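Chemist: Counting from 15, one number per residue, gives the positions in the sequence shown under our numbering.
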Amino acid sequence: YAVPDDFPSDEQQRFLTFRLEQLEHDPARLPWSVRAIVLRGKRRMVGFVNFHGAPGVNDTGTAGALELGWTVFPSDQRRGYATEAAAALMDWAAALHGIRHFISSTTPENAASLRVHDKLGFRRTGEVVEGEVIFELRR
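(1) Quick check on P69: buried or exposed, where buried means 16 or more other Cβ atoms within 10 Å of its Cβ?
(2) Helix, strand or coil: how does DSSP classify A42 here?
(3) Who are G83's beta bridge partners in DSSP?
(4) The beta strand (DSSP E) with T120 in it runs from where to where?
(5) Distance check for P22 and R33, CA to CA, integer angstroms please.
(6) How many Å lie between L37 and R152 at the Cα?
(7) Which class does R57 belong to by DSSP, given the choice of helix, strand or coil?
(8) Determine the direct distance from the alpha carbon of A126 to that of L80, and round the result to whole angstroms.
(9) My output table needs one value for V143: the three-state DSSP class, helix, strand or coil.
(10) May I have the straight-line CA-CA distance separating R114 from A77, to the nearest angstrom?
(11) Per DSSP, which one or two residues make a beta bridge with V52?
(12) What does the alpha-carbon distance come out to for the pair E9 and G112?
(13) Please classify F21: does DSSP put it in a helix, a strand, or coil?
(14) Per the DSSP calculation, V151 is bridged to which residue(s)?
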């Protein structure tokens with residue numbers, strides 16, 4: 015599989031190291047961890063998607079809700095990959111675990127992520143946590 019030459023960035027490396035350390039301390043977190051977004055035909059990674067933890071582990075402390083996030087590499091943005099991957103992740107959680115309530119967040123300046131939230135049907139809750147706007151979706 016191919017990955018971009020500039021992957022991981024320093025920020026992505028810190029994030030992935032943090033998630034790996036979580037798994038080392040609690041292997042039960044694996045179903046709720048990071049997944050690569052890969053173009054099947056090209057066998058190329060274009061980003062990643064993840065839950066922030068098991069149901070109930072989210073920025074708002076909402077019982078039973080899953081918080082998710084996504085990253086698509088700049089050269090692969092604006093092609094619908096984040097929307098498709100996030101939708102698939104939520105479909106997986108609903109089908110296998112009966113989860114219907116999702117939380118997500120982004121900074122107000124992140125226009126691409128704001129568009130993904132809109133496409134997926136998330137609504138703003140009015141909450142802001144650590145400078146990020148909180149979104150919610152019930153399916």
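All C-beta atoms in this analysis are idealised placements derived from N, C-alpha and C, irrespective of residue type, glycine included. Remember, it's a predicted structure, so these values are computed and weren't measured experimentally.
Modeler: Taking the structure as given:
(1) Answer is buried; the Cβ neighbour count reaches 16.
(2) Reduced to three states, the DSSP call for A42 is helix.
(3) Beta-bridge pairing links G83 to N64.
(4) Start and end: 115-120.
(5) When rounded, the separation of the alpha-carbon atoms in R33 and P22 is 14 Å.
(6) L37 and R152 have their alpha carbons spaced roughly 28 Å apart.
(7) Residue state, collapsed to three classes: coil.
(8) Those two C-alpha atoms are separated by around 21 Å.
(9) Here V143 sits in strand by DSSP.
(10) Their Cα atoms are separated by approximately 12 Å.
(11) When beta bridges are read from the DSSP output, V52 appears opposite M59.
(12) This structure gives no information on residue 9, because the portion of the chain shown stretches from 15 to 153.
(13) DSSP, reduced to helix, strand and coil, places F21 outside both helices and strands of the structure shown, so it counts as coil.
(14) Looking at the sequence shown, residue 151 is not Val but Leu. L151 is bridged to F116.
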